[in-house]
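A quick write-up on the structure given underneath.
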Amino acid sequence: MDDRLAALKQRFRDRATMDSEALERIAADLELGVRAAPLLGEIRRISHSLSGTAGIFGFAEISTCAADLEAFVSDVPESSELAEACRVLVGAIGRTP
Amino acid sequence: MVKSSSLLPRSSPGSVKPVNRGERPGICVFEALDDLAGITETLSKIGYRTVACRPDAAIRQLDWLEGFSVALISDSIDKPLQRAAEMSVLCPVLLITSDVSIEARLAAARAGVDAILSTPLDVNELAEWLNDLVGPHRDASLSILIVDDDEIVAETYALELENAGMRAFVKTDPTAALDEINTLSPDLVLMDMQMPGVSGIELVRVIRQSRRHLSLPVVFLSAERDPARQLEARRLGGDDFICKPVDPVRLVSLVRMRAERAVGLRSLMDRDSLTGLLNHGRFVDRLSQELERCRRRGSEVSLALIDLDRFKNINDAHGHLSGDQVLRALAHSLSSGLRRIDVIGRYGGEEFGVLLLDTPPQAACRVVDKIRQRFSEMAFDANNDVFFATFSAGISGSLSHTTPEQLIGAADEQMYLAKAAGRNRISQPLGSG
């Protein structure tokens, strides 16, 4: 494979790992009863960027889960549901080689 | 490979073999009964090398035709469309035919024909097509500007486009995109629709405020699936949509198709139809841009204004077709004698402008004088009447003349001095540079 493409893919993996950790923290906060409203912007930013980037590298599962999460955020969901949706994406990232 | 709009020039890598500078582009001609009477001589006069091919020659046997760039097929041969289909894999194909009905055109398009010329053949039209397909400006690859705040995404698109033979540039700061468009003059902009600080739609509206960029194609990358909002973005100046997640194959083919169409249309607007060189307006635009660049970088350009000697006499003595031949021959002499970065324009009727970048007047003078020498030895043939043509040129440099008006005025003055001193010579300011 093209060296540059491999390097870009690695950068994507590194960023996805960081995003996954951030989502994990947000989910934990939500479950502890932290208000969802101030966290929505961060979730939207992460999910939006992941859905786009994962798609072009062919990680369809991450892309779909992220797009779902992004759509879910705009519906102003309950904290517990939102935490669950974040964890679905975390799971998808974890399953990706 | 995607076969895009078959009636516009294309520059897909692989389909058109690059033409070496200095070497004349080769045309292989398929005709049955010499029905394109004298086509070889005509093409040779306007700077092309022709190879007559046996109408029944097998493609395998054409391997030795290294470097031919266009196939010209007459419908007098047996199964012209089959031949067109075979040749279209190798190079652009022009079909000369008496049947120009829509059915015939469709069949030709399906066989990979790039352009149809009706009989009797209009040589000017043929020359225009050849210019579009293998002319001096055809070897530049498409340049694409990618505007996306996500660097990984932008770099990945850039990589896909570069692998497909295009030149890609990345801007992750949307607010800096307009400056980049002005300096780069890309053939197409690929833009993320949702970016922090500014939306893609807002940015396109800003781009469209400049007349220069009215025809610049902008393709949005967007997660937007709502047709109503897509339509809104189109109304505001976007040309197309690619939905995220982006399929690389679709990305490359859509970008290439859009960019090639834009380049083809722009060349119709920007170029002189007889010579394929920049027209007066575009040449003066480039001159202003290059002077501006010189001012920023502290470099120097030279302008040569070139005027054919006693051109009216040539037209009067040998007819306008011969006059056109001389104009085309001079255009070819200039584009093959200069570097690729130099800018050449048809400045007026029989006047040409040449902008030599990073070149002081003395060096410009030597280059143009070499072209003058060679051009003056070129024999033209009008109904077995052989004649020669010459030009005079005036040169000015951007160190002593900093505005477009001054630079043009000084070169013009020198050109008249060259004429007054007896023509067929170059004049430059004394002690210039």
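Residue numbers (my numbering), protein chains in the order written: chain A, -14 to 82; chain B, 283 to 715. Where is the CB? At the ideal position from N, CA and C, for every residue including glycine. Predicted model, so just to flag it, every value in this text is computed and none were measured.
- Task: Output the distance between the C-alpha atoms of H33 (chain A) and A458 (chain B), rounded to the nearest integer angstrom.
- Result: 23 Å
Helix, strand or coil for N302 (chain B)? Go by DSSP, reduced to three states. Because N302 (chain B) sits at a pLDDT of 38, beneath the cut-off of 50, its placement in the model cannot be relied upon, and the point is left open.
Please state whether DSSP places M500 (chain B) in a helix, a strand or coil.
Note that residue 500 (chain B) corresponds to Val in the displayed sequence, not to Met. Three-state result, V500 (chain B): strand.
Given that S5 (chain A) touches chain B, what residues does it touch there, using C-beta distances under 7 Å? The contacting residues do not exist; S5 (chain A) stays about 16 Å from chain B at best.
Looking at the structure shown, is E410 (chain B) part of a helix, part of a strand, or coil, going by DSSP?
helix
Where the alpha helix (DSSP H) containing C647 (chain B) begins and where it ends
P643 to S658
| request: Output the boundary residues of the alpha helix (DSSP H) element that contains V75 (chain A). | output: S64 to R80
Taking Cβ-Cβ distances below 8 Å as the criterion, which residues of the region 424 to 455 of chain B are in contact with chain A?
D432, I434, V435, E437, T438, Y439, L441 and N445
- Which residues DSSP lists as bridging M473 (chain B), in chain order: B:V429 and B:F502
Original post:
Taking DSSP as the reference, what is the three-state secondary structure of I384 (chain B)?
Top reply: helix
- Just by C-beta distance, which residues in the region 506 to 540 of chain B are closer than 9 Å to chain A? K526, P527, V528, D529, P530 and L533
**Q.** Proximal residues to H683 (chain B) (C-beta, below 6 Å), its chain only, five neighbours per side dropped
**A.** L689 and A692
Q.
Helix, strand or coil for G704 (chain B)? Go by DSSP, reduced to three states.
A. coil
Strictly under 9 Å for the Cβ-Cβ distance: is K701 (chain B) near chain A by that measure? no
(message) Among the candidates B:L485, B:A661 and B:H614, whose CA atom is the shortest distance from the CA of G329 (chain B)?
(response) B:H614
query: Taking 9 Å as the CB-CB cut-off, is Q476 (chain B) touching chain A?
result: yes
Item checked: Nearest-angstrom Cβ-Cβ length linking L424 (chain B) and D469 (chain B), presumed shorter than 8 Å -> 5 Å
Three-state secondary structure assigned by DSSP to L325 (chain B):
helix
| task | For T685 (chain B), name the three-state secondary structure that DSSP assigns. | result | coil
Checklist line | Test item: CB-CB of S678 (chain B) and S549 (chain B) under 9 Å | finding: no
What residues from chain B crowd round L(-7) (chain A), counting only those whose CB sits closer than 8 Å? I434, E437, T438 and L441
| task | Check F44 (chain A) in the structure and name its three-state DSSP category. | result | coil
Looking at chain B, which residues of the region 21 to 45 of chain A have a Cβ within less than 8 Å of any of its Cβ atoms? H33, S34, S36, G37, T38, A39, G40, I41, F42 and A45
| field | N- and C-terminal bounds of the alpha helix (DSSP H) containing C576 (chain B) | value | H562 to R579
inquiry  = A515 (chain B) and S504 (chain B) - do their beta-carbons sit closer together than 9 Å?
reply    = yes
| field | Coarse secondary structure for G308 (chain B), derived from DSSP in three states | value | strand
| message | Beta-carbon within less than 6 Å of E16 (chain A)'s beta-carbon, same chain only, minus the 5 sequence neighbours each way: which residues are those? | response | A68
| request: Compare the C-alpha of V429 (chain B) against each of B:C373, B:A397, B:F350 and B:V486 and name the closest. | output: B:V486
Straight-line Cα distance separating T38 (chain A) from R303 (chain B): The predicted model places R303 (chain B) with a pLDDT of 37, which falls under 50 and marks its position as unreliable, so this point remains unresolved.
Specify whether the region 636 to 651 of chain B and the region 595 to 604 of chain B touch according to this definition: at least 3 beta carbon pairs, one from each stretch, less than 8 Å apart. no
Do I626 (chain B) and S617 (chain B) count as a contact pair if the criterion is CB distance below 9 Å?
yes
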